[in-house]
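Numbering (the numbering used here), first residue to last: 502 to 886.
These notes concern the structure reproduced below.
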Amino acid sequence: MIRRGTNAPAFDADEILDGIRSWVMVESPTNHPEGVNRVMDMAEAVMAALGARTTREPGGEGYGDVLLARLAGQADGPGIMVLGHLDTVHGVGTLATDLPWRRDGDRVFGPGIYDMKGGLYTATYAIRQVIRAGALPHLPVTFMFIPNEEVGSPTTRARIEAEASRHRYVLVPEPAKAGRLVTGRFAFARFRLHARGRPAHAGATLAHGRSAIREMAQQIPRIEAMGDPERGITLSVGVVQGGTFVNVVPMHCYAEVLAVMPTQAAFDETCARVLALQSISPDVTLTVEPGPVRPLFEPNDGTLALYDQAESIAREIGFVPGHGSYGGGSDGNFTGALGIPTLDGLGLCGDGAHTHDEHILYSSLVPRARLLAGLFQTLGSEHEP
Ligand SMILES: [Zn+2]
502 MIRRGTNAPA FDADEILDGI RSWVMVESPT NHPEGVNRVM DMAEAVMAAL
552 GARTTREPGG EGYGDVLLAR LAGQADGPGI MVLGHLDTVH GVGTLATDLP
602 WRRDGDRVFG PGIYDMKGGL YTATYAIRQV IRAGALPHLP VTFMFIPNEE
652 VGSPTTRARI EAEASRHRYV LVPEPAKAGR LVTGRFAFAR FRLHARGRPA
702 HAGATLAHGR SAIREMAQQI PRIEAMGDPE RGITLSVGVV QGGTFVNVVP
752 MHCYAEVLAV MPTQAAFDET CARVLALQSI SPDVTLTVEP GPVRPLFEPN
802 DGTLALYDQA ESIAREIGFV PGHGSYGGGS DGNFTGALGI PTLDGLGLCG
852 DGAHTHDEHI LYSSLVPRAR LLAGLFQTLG SEHEP
C-alpha cells in the first residue's frame, strides 16, 4: 500500500540506482525472451505496487512480452504515454565478462544501463514519488514496455502506434544525447541480403565453385560507400554469416544493413539504391529484402511546446537540457512521425550505448527523475505554460 502524504516528491539517488541495478543484473538481449520476460516481471511488480492496472501480451515471433501499465490521473481523457524498451544488445554472459556492474566515480557501468533500463526505471521511480507525495499525475499515465526495440520493433510497431494514438503526449526515457533532449530522429531502414553461390570442394574442385562469401565481401564496401556522412546518410553492415566447412566453397552468405537518413528524400533515394543492388559475379544470386523501418520523426509545434515545458521545469531544478534531432532511432520515431507530441531522450546522461563502455552518470539520476516527475505533475494542467 502506498502511503500518501502532502509533501513535495522526494528523490534519492542511491534508491534509484538500487532499482536500476536490479533490472540490469537480469540480462535481457532481444533474442533471449526468458531474460526479457524476467525484467518484464520486475517492471510489472513495480507498476502494480503503484496501483497500476497491468496487462501482458505475447510479443509474437518468439520475442518477449509487451507490458502495459495504466495509472489514473486527477483528470480523465487522453493522457501521457511513457514508451521504452527492456531488451538490450548485450548477449547473456556480458555481465560476467566484458561489462560487469561497477561504479567508478560518477560513472556506473552495466549492460543496458544507459540504453535504456536506467531511464525507464527512473521514469517509474518519478511517478512513484509523485504518487507517494499525494500528488497524483494530472493526466492518466500509461507505461508501455517493449521487448524488441533493438531489432527495430518488428512485431510491436502497430501496437505502439495504436496505443500512442489514444494519448496526448509521449515521453521516451531513452538516453539523453550529451544531456540534450530529443525532438526529432532520422529515418532508419534495415535490409537483409542473401547471396547464393555454387558449392564445390575447396581443395579438389575449387574452380567449379562460386563463393557466396566472396560476393558479399565485395558488396559490403559498395553498400557502405552509398553513405554520405556529411549529409547525415550512413550505411553499415553489422551482421554477416556464411560458410559451413573450410573445405567447402560457401554456397550461402547472409548480411544485414542498417541505413540512416536525415530526410524523406534521402530515405527514398537510399532505399531504392539498396533494393536495386545486383550481384557482382554472374554465377551468384543476390537477393535484397527490406526489413523494419523507422519513419522520419520531425519536430512539430506540439513536440517543441513539450520541450519548452520540460525546459521550464528543468530550469527550476537548475539545468537547461537543450534539444535537437539525432541519428539514433527509437520507438519515438513511430509516435513522432504520427505527429503526436513526443519528447525523447528523457533518460539518463551517460555514454557508450551498445558498447562495453556503456555507462550512466550517477549525478544525472536525481535531476532526470525530478524532470520526469515535473512533467507528470504539470502536463495537461492549468499550470502548463
Ligand atoms: Zn534504446
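Where is the CB? At the ideal position from N, CA and C, for every residue including glycine.
These numbers come from a predicted model, not from an experiment.
Item	Value
Could you tell me if the beta carbon of E664 falls within a distance shorter than 6 Å of some heavy atom in ligand 1?	no
Report back the beta-carbon spacing between V761 and F835 to the nearest angstrom; my notes put them in contact at under 8 Å.	Not a contact, Cβ separation roughly 16 Å.
Got a list of residues with beta-carbon closer than 6 Å to any non-hydrogen atom of ligand 1, in chain order?	H586, D616, M617, E650, E675, S831
Does the Cβ of H639 have 16 or more other Cβ atoms within 10 Å, making it buried, or fewer, making it exposed?	buried
Tell me whether G560 sits in a helix, a strand or coil according to DSSP, three-state version.	coil
Considering just the uninterrupted stretch of the alpha helix (DSSP H) at M543, what are its terminal residues?	534-550
Applying the 10 Å Cβ sphere with the 16-neighbour rule, what's the burial state of L756?	The sequence shown places Ala at residue 756, not Leu. Per the 10 Å Cβ criterion, buried.
Within a Cβ cutoff of 7 Å, which residues of the same chain sit near V609, ignoring the five residues on either side of it in sequence?	L518, H860, I861, Y863
Please determine whether the Cβ atom of L849 lies at a distance below 6 Å from any heavy atom of ligand 2.	This structure simply doesn't include ligand 2; it includes ligand 1 instead.
Name, in chain order, the residues that DSSP records as bridge partners for I887.	Given that the chain is displayed from residue 502 to residue 886, the structure contains no residue 887 and the question cannot be resolved.
Can you tell me whether T666 is buried or exposed, with buried defined as 16 or more other CB within 10 angstroms of its CB?	Checking the sequence, you will find Ser at residue 666 rather than Thr. Exposed: under 16 other Cβ atoms inside 10 Å.
Going straight from the alpha carbon of N748 to that of H709, what length do you get?	13 Å
Among the candidates A690, G830, V750, whose CA atom is the shortest distance from the CA of G704?	V750
Take P510 as the anchor and find which of W524, Y626, P641 has the nearest alpha-carbon.	Y626
Out of A838, T684, L872, state which residue places its alpha-carbon closest to the alpha-carbon of S826.	T684
Around the Cβ of A870, are there at least 16 other Cβ atoms within 10 angstroms (buried) or fewer (exposed)?	buried
So, with DSSP's three-state summary, where would you put S864?	helix
Check P888 in the structure and name its three-state DSSP category.	Residue 888 is absent from the model: the chain starts at 502 and stops at 886.
Using the rule of at least 16 other Cβ atoms within 10 Å of the residue's Cβ for burial, across every protein chain shown, is M582 buried or exposed?	buried
What three-state label does DSSP hand I475 in the structure shown?	No information on residue 475 is available, as it lies outside the stretch 502 to 886 that the chain covers here.
Comparing C-alpha positions only, which one of A514, Q878, A597, D845 sits nearest to G680?	D845
From the DSSP output, in three-state form, read off Q878 for me.	helix
Taking DSSP as the reference, what is the three-state secondary structure of H639?	coil
Considering only residues of the segment 779-835, which uninterrupted beta strand (DSSP E) runs meet the minimum length of 3 residues and lie entirely inside it, listed in chain order?	786-795, 824-827
With respect to the beta strand (DSSP E) encompassing D605, which residues constitute its N-terminal and C-terminal limits?	603-605
Return the bridge partner residues of C754 from the DSSP annotation.	A696, G743
Output the residue ranges of the beta strand (DSSP E) runs that lie fully inside the segment 611-695 and measure 3 residues or longer, sorted by chain position.	642-647, 670-672, 682-686
Taking the alpha carbon of G739 as the point to measure from, which residue in A766, L694, G733 has its own alpha carbon closest?	L694
For the segment 760-774 and the segment 805-812, state whether three or more C-beta atom pairs, one from each stretch, are separated by less than 8 Å.	no
For the structure I just gave you, are there three or more beta carbon pairs, one from the segment 561-580 and one from the segment 641-655, closer than 8 Å?	yes
R571 lies in the beta strand (DSSP E); which residues open and close that run?	567-572
Here's the rule: buried if 16 or more other CB atoms are within 10 angstroms of the residue's CB, otherwise exposed. What is R774?	exposed
Can you tell me whether DSSP reads G520 as helix, strand or coil?	helix
Name the DSSP bridge partner or partners of R554?	R571
By the DSSP assignment, the alpha helix (DSSP H) with A767 in it spans what residues?	765-776
With distance defined between alpha-carbon atoms, name the residue in E817, W524, L778, E650 nearest to M543.	W524
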